[in-house]
Amino acid sequence: MTPPYILRPMKVSDIEQVNEIERQSFTMPWSALTYVYEIRQNHHAHMGVLELPNQPPPQTGYRPFERLQVLFRPLTKSAPINHTLVAYGGMWFRDGEAHVSTIASHPDYRGRQLGELMLQGLVFKGLALEADRLVLEVRVSNTVAQRLYRKYGFEITNRIANYYRDNHEDAYIMTVSPIDTAYRARLQENLDTLRGRLAFSDSFTGLEINTFNPDAES
Ligand SMILES: CC(C)(COP(=O)(O)OP(=O)(O)OC[C@H]1O[C@@H](n2cnc3c(N)ncnc32)[C@H](O)[C@@H]1OP(=O)(O)O)[C@@H](O)C(=O)NCCC(=O)NCCS
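Going left to right, the sequence shown walks through residues 363 to 580 as this note's numbering numbers them.
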C-alpha cells in the first residue's frame with residue numbers, strides 16, 4: 363500500500379525537487395532564488411508541497427541548486443533526502459484575495475488526483491486565511507488545468523491578451539467568489555471523494571482538512 367501522502371509547507375531543502383518538476387512542467391520556470399524568496403521573505407506567499415515519504419527522489423543529473431547551495435549553505439544543510447515530491451503549489455494572500463501563484467504535479471505521478479489534492483490544499487489554505495475570493499491565471503490552451511480549476515468552482519471572469527512572454531499567449535483569469543456555504547459544501551464533497559482515493563496528512567492548510575467543517579462560515 364502507498365504510504366499516506368504528506369501535505370506540508372515547502373522548505374528551502376525542497377527547492378531542488380520543486381525545480382525539477384517545474385522544469386518539466388513550464389516553459390518559463392521560476393528560478394531557485396525566486397523560491398528562496400517566496401519561502402523566506404515574501405510574507406504574502408504560502409508555498410506547499412505534497413510528499414511521498416520513504417521514496418528516494420529520482421536522480422536526473424539536473425542540479426540547479428548545487429551552485430545555490432554554496433551561497434545558502436546555512437539554509438540548505440539537511441539530512442539526506444528520502445522522499446519524493448509529487449506536487450507543489452503556491453498562493454499569495456493579500457486584502458482578502460487568495461491568488462494561486464503556481465501549481466504542478468510531477469509528470470510521473472499525473473492522473474492520480476495528486477494535482478487535485480495540491481489545489482485543494484491551496485483552496486483550504488485560502489479559506490483558513492479567511493479569503494473572500496480565489497483567483498488565478500491560466501493559459502487559454504491549458505485545458506487540463508482549466509478542467510481541474512472548474513472542478514473547484516473557478517469560473518473564467520476575464521481574458522488578458524498577450525499575457526505570456528514566451529509565446530504571447532492570452533491568459534484566462536479564473537475566479538471563485540463568493541466563498542459561501544454552497545461553495546464550502548461543494549468542497550466537502552470533493553474532499554470526501556478524494557479521501558476515498560488517497561490517504562494523506564495535512565500540516566499546510568491550518569484547517570486540518572481531514573476534519574474540515576463546511577458549515578463554519580468565516
Ligand atoms: C494541471 C496539473 C496540476 C493537474 O494535475 P494532475 O495530477 O495531472 O491531475 P489530477 O490527477 O489531480 O486530476 C484532477 C483533475 O484535473 C483534470 N485533469 C487531469 N488530467 C486531465 C486530462 N488529461 N485531461 C483533462 N482533464 C484532466 C480533471 O478535472 C481531473 O479531475 P477528474 O479526475 O475528476 O476528471 C498537472 O497536469 C500539471 O502539473 N500540469 C503542468 C503544469 C500546469 O499546467 N500547471 C497549471 C498552470 S496554470
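We put the beta carbon where it would ideally sit given N, CA and C, even for glycine. This structure is a prediction, so every number in the text was calculated from the model and none was measured.
Practice prompt. For A547, verify whether its CB is less than 8 Å away from any heavy atom of ligand 1.
Written response: For this step, residue 547 is matched to residue 185 along the sequence shown. Answer for A547: no, Cβ out of range of ligand 1.
Worksheet item: Based on Cα-Cα distance, which residue from Y511, F455, A493 and V380 lies nearest to Q482?
Response: The residue you call residue 482 lines up with position 120 of the sequence shown. Residue Y511 is the option with its Cα nearest to Q482.
Discussion item. Are there any heavy atoms of ligand 1 lying less than 8 Å away from the beta-carbon of E382, as far as the coordinates show?
Written reply: Your numbering for residue 382 matches position 20 in the sequence shown. E382 Cβ: outside cutoff for every heavy atom of ligand 1.
Worksheet item: What residues in its chain sit with their C-beta under 6 Å from that of F566, if we drop five residues either side in the sequence?
Response: Here residue 566 refers to the residue found at position 204 of the sequence shown. Residues L369, R370, P371, G410 and G483 of the same chain have their beta carbon placed closer than 6 Å to that of F566, with the five preceding and five following residues left out of the count.
Discussion item. For a test of your reading of the model: does the CB of Q550 fall under 8 Å from any non-hydrogen atom of ligand 1? Yes or no.
Written reply: Within the sequence shown, numbered from 1, the residue matching residue 550 stands at position 188. Not so, every heavy atom of ligand 1 lies at least 8 Å from the Cβ.
Discussion item. Shorter than 8 Å, the distance from the beta carbon of L476 to the closest heavy atom of ligand 1, or not?
Written reply: Reading the sequence shown from its first residue, position 114 is the one you call residue 476. Checking the Cβ of L476 against ligand 1 gives yes.
Practice prompt. Let me know if L412 comes out buried or exposed under the rule of 16 or more other beta-carbons within 10 Å of its beta-carbon.
Written response: Translated into the one-based positions of the sequence shown, residue 412 becomes position 50. The residue in question, L412, is buried, as its Cβ has 16 or more Cβ neighbours within 10 Å.
Worksheet item: How about the region 484-500 and the region 453-472: do they share at least three Cβ pairs that are nearer than 8 Å?
Response: yes
Discussion item. Using a 10 Å radius around the Cβ and a threshold of 16 neighbouring Cβ atoms, would you call S580 buried or exposed?
Written reply: Counting from one through the sequence shown, the residue named residue 580 turns up at place 218. With a pLDDT of 49 at S580, under the threshold of 50, the predicted position of this residue should be treated as unreliable, and no value is reported.
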